[in-house]
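**Q**
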Amino acid sequence: MAKAALGLILFFTALPLLAQKVEGELACRLTKTDFIYDCMIRISRGGLPLPGAAVTVGADMPSMPMAHNVKPVKATPGKTPGEYAAKLDLEMLGEWAVKLRLRGPVNDQLILLYEFDEKGAQPVRRGDRLPRK
Amino acid sequence: MDDYTVSVLTNIGLISFIALSAYLLIIAGEMSFGQQGFFGVGAYTAGVATAMYGVPLPIAAVMAMGAGAAAAFLVGLPTLRLRGLYFAMATLAAAEMLRIVFELIHFQREIDGEPIGPDGTQGFRGIRWVFENGVEPEGFLAMVWGLLFAVVALFLFMERSKLGATLRMLGEDPELARMLGVHVERFKLGVAAAAGALAALGGALYAHHNTYIEPRNFDIMLGVHSLAYALIGGLGTAFGPLLGVLIDIGALEGSRVFHGYRMIVFGGLVAVLLIFRPRGLLDERVVHWLKRRLA
Amino acid sequence: MSALLEIRQLVTAYGKIEALKGVTLDVEQGSITCLLGPNGAGKTTLMMTVAGILRPKSGSIRLAGEEITGRPPHAIVAGGIALVPENRLVFPNMSVLENLQAGAYQRRDREIEADIGKLFERFPRLKERSGQNAGTLSGGEQQMLAVARALMSRPKLLLMDEPSLGLAPLVVEEIFRIIVQLHQDGVSIFLVEQNAHMALKVAQHFYLMEQGKVTFSGTPGALAEDEVIRRAYLGSAKA
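So, in structure tokens, the structure goes:
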């Protein structure tokens with residue numbers, strides 16, 4: 001009984017923190033120039049759009065991210081709150097870890113894994129080597 | 001300094017740790033293709049410590065170095081008996097084994113309602129100590145370079161000491177070193193452990209710089225580059241590997257002249273240098289000459 | 001008074017092949033003792049076994065009465081034996097000075113610098129080249145450096161494996177002058193040579209070794225020099 005109560009109390013105290021979780025997603029389209037993508041970034045906090053952030057977008061290759069990355073660009077706020085637009089100039093197709101550096105209302109960094117192809121970009125869903133129990 | 005300069009300088013600093021780790025083994029006569037494994041051990045150890053258990057980064061970094069040294073010691077026990085190419089292959093295999101272990105680790109804890117921790121190939125997100133503690137990019141850069149300078153100072157001190165001379169004896173001719181009374185096996189294990197700790201320190205910092213790590217970060221690419229940096233920069237002084245990193249990331253990557261073709265240019269550069277300057281730009285001869293000029 | 005180095009019934013094998021088949025010999029304190037023999041007789045194997053690089057299968061090695069058989073190389077160096085190896089003279093990418101310091105690897109005393117000064121007096125050519133990479137020295141200079149480096153450990157006994165190998169006749173003479181000088185300074189030397197002519201001039205005692213066994217022991221002059229040379233190069237007729 002006491003355990004359940006403690007659990008409940010902890011849950012409710014944690015709620016505001018839960019609400020603070022910052023998330024991002026990406027919608028990209030390849031432009032006419034090779035490997036330059038027009039990207040729309042949606043950023044939310046606790047499920048609500050987060051406007052007014054200064055967003056810098058970079059990208060790393062998962063293999064050797066320190067040496068293989070592209071120059072980060074500043075994103076501009078889009079028409080809808082919580083949306084930001086950026087042009088990403090990648091070196092090649094394939095998987096990139098897009099790095100969003102957020103400043104302003106939040107000071108945070110998001111890493112989004114996307115597969116970039118001839119059309120646009122899809123979130124990476126990776127299978128495990130062994131099935132999980 | 002703009003964000004980009006700060007991030008490039010941070011990357012140069014981070015990768016210098018693993019380049020120095022490879023350098024330490026090369027001057028002791030061992031060509032390891034596996035230092036990326038210990039870099040990964042450091043990244044995962046420190047990430048787990050700060051993100052899952054709230055350990056402050058400085059303590060987590062020390063833990064990472066301990067874990068890196070222990071892992072390198074255990075890998076060294078069987079592999080250091082091997083010579084040359086066989087040692088290179090064995091270290092590569094060991095690092096790949098470590099990477100696969102990272103892929104298999106699913107070890108998470110609920111923190112603020114969110115599962116945090118290594119999640120196999122899905123990676124390990126939310127290593128946010130730097131952000132939670134309000135460390136600005138410039139502050140983190142200063143931390144990385146401060147530690148790097150401390151390490152380089154230690155190297156320079158060591159190179160002037162008997163320890164450094166012994167390392168070079170081992171590197172040039174382990175059999176002759178043995179005849180002069182060096183306990184070769186014990187010494188090499190110690191060097192391997194120190195190099196592991198150094199790579200792990202770089203990994204710990206990298207994990208906190210990026211906030212996200214995944215097993216693929218620690219594959220052969222990183223190992224080959226760290227070796228190449230040491231070989232390009234030169235084996236005469238600890239500034240050699242730093243010069244190597246600076247040439248690749250600072251000049252080639254930073255200038256963006258070669259864009260997507262950079263790897264080809266880099267590969268060519270390595271080949272040309274290994275033919276004309278097999279011990280790198282700052283090799284022993286240049287260092288001896290410089291010392292005479294400065295003395 | 002027993003000898004400085006006593007080797008008794010020493011057997012060393014590479015796998016199943018015995019390179020030393022029960023070698024017995026002595027090196028007296030303060031002497032130059034020379035070991036002659038054709039290629040493949042086991043001379044270098046004997047040196048490596050005494051230095052601890054190879055482990056003997058059986059037999060005993062005693063230094064100044066102390067059993068040192070089977071000890072690892074670092075313990076042998078600590079015990080007072082220094083080896084000038086064949087063909088593996090110097091650390092080529094280390095300076096001459098660093099090579100000398102390497103010879104004092106096990107020493108912890110404060111007289112290392114003074115010893116280097118003394119060696120530079122004895123070998124002025126090394127002093128001139130002290131900052132140079134050892135790999136840039138001539139063959140004779142490298143041999144000199146190897147001898148000087150071995151002396152840096154202040155050995156009781158100096159083992160020299162073919163010091164004249166690959167050197168021009170004039171340089172060989174210079175190396176032997178150095179050996180005689182060291183002898184006059186009281187250093188005990190155990191010398192392996194193929195150059196029987198030079199070796200017999202300087203040695204007080206010599207052994208002939210053929211096919212892993214000592215086949216002759218005596219003072220120079222006990223056997224006609226042409227006989228020694230024939231057996232040192234070709235082995236005895238029955239072999």
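Protein chains in written order, with the working numbering: chain A, 1 to 133; chain B, 1 to 295; chain C, 1 to 239.
Think of the CB as a built atom: it goes at the ideal place given N, C-alpha and C, for glycine as much as any other residue.
Computed from a prediction, not measured in an experiment: that's the story for all the values here.
Can you pull out the residues from the region 85-101 of chain C whose beta carbon lies closer than 7 Å to at least one beta carbon of chain B?
**A** Listed by position, the residues of the region 85-101 of chain C near chain B (Cβ gap below 7 Å) are Pro85, Arg88, Phe91, Pro92, Asn93, Met94, Ser95, Glu98 and Gln101.
**Q** Can you grab the Cα-Cα spacing for the pair Tyr84 (chain A) / Ile111 (chain A), in whole Å?
**A** For the purposes of this step, residue 84 (chain A) is identified with residue 84 of the first sequence, where counting begins at 1. For the purposes of this step, residue 111 (chain A) is identified with residue 111 of the first sequence, where counting begins at 1. Looking at the two C-alpha atoms, the distance is approximately 16 Å.
**Q** Under a three-way DSSP split, which group does Gly244 (chain B) fall into?
**A** In the second sequence, the residue the question calls residue 244 (chain B) occupies position 244. Looking at Gly244 (chain B) - three-state DSSP - the assignment turns out to be helix.
**Q** Output needed in chain order: residues of the region 209-234 of chain B with a Cβ under 8 Å from some Cβ in chain A.
**A** Going along the region 209-234 of chain B in chain order, one finds Asn210, Thr211, Tyr212, Glu214, Arg216, Asn217, Asp219, Met221, Leu222 and His225 with a Cβ nearer than 8 Å to chain A.
**Q** Let me make sure I understand the geometry here. Which of C:Arg108, C:Val187, C:Met198 and C:Asn195 has the alpha-carbon closest to that of Val27 (chain C)?
**A** Numbered from 1 along the third sequence, position 27 holds the residue referred to as residue 27 (chain C). The candidate whose alpha carbon is nearest that of Val27 (chain C) is C:Val187.
**Q** Using the Cα positions of Leu97 (chain C) and Gly131 (chain C), report the straight-line distance between them to the nearest angstrom.
**A** As a position in the third sequence, residue 97 (chain C) is number 97, starting the count at 1. As a position in the third sequence, residue 131 (chain C) is number 131, starting the count at 1. If you take the alpha carbons of Leu97 (chain C) and Gly131 (chain C), they lie about 6 Å apart.
**Q** Please state the DSSP three-state secondary structure of Arg125 (chain C).
**A** Position 125 of the third sequence, counted from the first residue, corresponds to residue 125 (chain C). Helix.
**Q** Select from the region 108-134 of chain C all residues with a C-beta closer than 8 Å to any C-beta belonging to chain B, and list them in chain order.
**A** From the region 108-134 of chain C, only Gly131, Gln132 and Asn133 have a Cβ closer than 8 Å to chain B.
**Q** Considering only their Cβ atoms, is the gap separating Ala195 (chain B) from Ser16 (chain B) smaller than 8 Å?
**A** For the purposes of this step, residue 16 (chain B) is identified with residue 16 of the second sequence, where counting begins at 1. For the purposes of this step, residue 195 (chain B) is identified with residue 195 of the second sequence, where counting begins at 1. The answer is no: Cβ separation not under 8 Å.
**Q** Note the first and the last residue of the continuous alpha helix (DSSP H) segment covering Phe73 (chain B).
**A** Residue numbering aside, residue 73 (chain B) sits at position 73 when the second sequence is read from its first letter. Its alpha helix (DSSP H) spans residues Leu57 to Thr79.
**Q** With a CB to CB cut of under 7 Å and the five nearest residues on each side skipped, what residues in its chain are close to Leu30 (chain A)?
**A** By one-based count along the first sequence, residue 30 (chain A) stands at place 30. So the qualifying residues of the chain are Tyr37, Glu118, Lys119 and Gly120.
**Q** Quick check on Arg262 (chain B): does DSSP put it in helix, strand or coil?
**A** Indexing the second sequence from 1 puts residue 262 (chain B) at position 262. It is helical.
**Q** Would you verify that the beta carbon of Pro73 (chain C) is, or is not, closer than 8 Å to some beta carbon of chain B?
**A** Translated into positions along the third sequence, residue 73 (chain C) becomes position 73. Pro73 (chain C) counts as touching chain B.
**Q** Taking Cβ positions only, does Leu176 (chain B) come closer than 8 Å to chain C?
**A** Residue mapping note: residue 176 (chain B) aligns to position 176 of the second sequence, counting from 1. Leu176 (chain B) counts as touching chain C.
**Q** Taking Ile15 (chain B) as the query, report the chain A residues whose CB atoms sit under 7 Å from its CB, ordered along the chain.
**A** Here the question's residue 15 (chain B) lines up with position 15 in the second sequence. Correct list: Met66 and Ala67.
**Q** Could you check what DSSP says for Arg103 (chain A) in three-state terms: helix, strand or coil?
**A** Locating residue 103 (chain A) in the first sequence gives position 103, where the first residue counts as 1. Arg103 (chain A) falls in the strand class under three-state DSSP.
**Q** Considering Cα atoms alone, identify which of B:Phe266, B:Ser32, B:Phe38 and B:Glu132 is closest to Val245 (chain B).
**A** Within the second sequence, numbered from 1, the residue matching residue 245 (chain B) stands at position 245. Nearest of B:Phe266, B:Ser32, B:Phe38 and B:Glu132 to Val245 (chain B), Cα basis: B:Phe266.
**Q** If we define contact as Cβ-Cβ less than 8 Å, is Asp38 (chain A) a contact residue for chain B?
**A** Here the question's residue 38 (chain A) lines up with position 38 in the first sequence. Judged by the 8 Å Cβ criterion, Asp38 (chain A) is not in contact with chain B.
**Q** Please identify the residue among A:Val73, A:Tyr114, A:Arg103 and A:Glu25 whose C-alpha is closest to the C-alpha of Pro137 (chain B).
**A** Numbered from its first residue, the second sequence carries residue 137 (chain B) at position 137. Nearest C-alpha to Pro137 (chain B): A:Arg103.
**Q** If I measure Cβ to Cβ from Val124 (chain A) and keep anything under 7 Å in the same chain, skipping five residues before and after, which residues do I get?
**A** Here residue 124 (chain A) refers to the residue found at position 124 when the first sequence is read from its first residue. Once the five neighbours on either side are set aside, the close Cβ partners of Val124 (chain A) are Glu95, Leu113, Tyr114 and Glu115.
**Q** Just reading off the beta strand (DSSP E) that Ala49 (chain C) is part of, what are its end residues?
**A** Reading the third sequence from its first residue, position 49 is the one you call residue 49 (chain C). First, the residue type needs correcting, since residue 49 (chain C) is Thr and not Ala in the sequence shown. No beta strand (DSSP E) contains Thr49 (chain C), which is instead part of the alpha helix (DSSP H) from Lys43 to Val50.
**Q** Determine the direct distance from the alpha carbon of Glu96 (chain B) to that of Arg128 (chain B), and round the result to whole angstroms.
**A** Position 128 of the second sequence, counted from the start, is the residue given in the question as residue 128 (chain B). Position 96 of the second sequence, counted from the start, is the residue given in the question as residue 96 (chain B). Distance between the alpha carbons of Arg128 (chain B) and Glu96 (chain B) is about 27 Å.
**Q** Residues in the region 47-80 of chain C with C-beta within 7 Å of chain B's C-beta atoms, listed in sequence order?
**A** So the close ones are Ala51, Ile53, Pro73, His74, Val77 and Ala78.
**Q** Using 10 angstroms around the beta-carbon of Arg109 (chain B), count the other beta-carbons present and answer buried if the total reaches 16, otherwise exposed.
**A** Walking along the second sequence from the start, residue 109 (chain B) turns up at place 109. Exposed is the call here.
**Q** Return no unless some Cβ of chain C is closer than 8 Å to the Cβ of Leu273 (chain B).
**A** Looking up residue 273 (chain B) in the second sequence gives position 273. Judged by the 8 Å Cβ criterion, Leu273 (chain B) is not in contact with chain C.
**Q** For the candidate residues A:Ala54, A:Gln122, A:Val55 and A:Gly24, whose alpha-carbon lies nearest to that of Leu93 (chain A)?
**A** The count along the first sequence starts at 1 and reaches residue 93 (chain A) at position 93. Per the Cα distances, A:Gln122.
**Q** Hey, Thr79 (chain B) and Phe73 (chain B) are a contact pair by Cβ (cut 8 Å); roughly how many whole angstroms apart?
**A** By 1-based counting over the second sequence, the position of residue 79 (chain B) is 79. By 1-based counting over the second sequence, the position of residue 73 (chain B) is 73. Not really, about 11 Å apart at Cβ, beyond 8 Å.
**Q** Between C:Leu165, C:Leu170 and C:Met198, which has its C-alpha nearest Val180 (chain C)'s C-alpha?
**A** Position 180 of the third sequence, counted from the first residue, corresponds to residue 180 (chain C). Comparing Cα positions, the closest option is C:Met198.
**Q** According to DSSP, is Val55 (chain A) helix, strand or coil?
**A** Numbered from its first residue, the first sequence carries residue 55 (chain A) at position 55. Three-state DSSP puts Val55 (chain A) in a strand.
**Q** Which whole-angstrom value is the C-beta distance of Leu151 (chain C) and Asn87 (chain C), which I expect to be below 8 Å?
**A** Looking up residue 151 (chain C) in the third sequence gives position 151. Looking up residue 87 (chain C) in the third sequence gives position 87. That pair is no contact at about 20 Å.
**Q** Using a beta-carbon distance below 8 Å, is Gly139 (chain C) in contact with chain B?
**A** Start at 1 with the first residue of the third sequence, and residue 139 (chain C) comes out as number 139. No - not a single Cβ of chain B is within 8 Å of the one on Gly139 (chain C).
**Q** Gly103 (chain C) touches chain B at which residues, Cβ-Cβ below 8 Å?
**A** Here residue 103 (chain C) refers to the residue found at position 103 when the third sequence is read from its first residue. Result: Leu180.
**Q** Any idea if Asn93 (chain C) is buried or exposed, counting beta-carbon neighbours within 10 angstroms, 16 or more meaning buried?
**A** Here the question's residue 93 (chain C) lines up with position 93 in the third sequence. The residue is buried, with at least 16 neighbouring Cβ atoms inside 10 Å.
**Q** Over what stretch of residues does the beta strand (DSSP E) that includes Gln211 (chain C) continue unbroken?
**A** Sequence index remark: in the third sequence, residue 211 (chain C) carries index 211 (1-based). Looking at the DSSP string, Gln211 (chain C) is not in any beta strand (DSSP E), and its letter there is neither H nor E.
**Q** Taking Cβ to Cβ, would you say Thr248 (chain C) is nearer than 8 Å to Leu10 (chain C)?
**A** Outside the modelled stretch of chain C, which goes from 1 to 239, sits residue 248 (chain C), for which no answer is possible.
**Q** Closer than 7 Å, Cβ to any Cβ of chain B: which residues of the region 102-119 of chain A, in chain order?
**A** Listed by position along the chain: Asn107, Asp108, Gln109 and Ile111.
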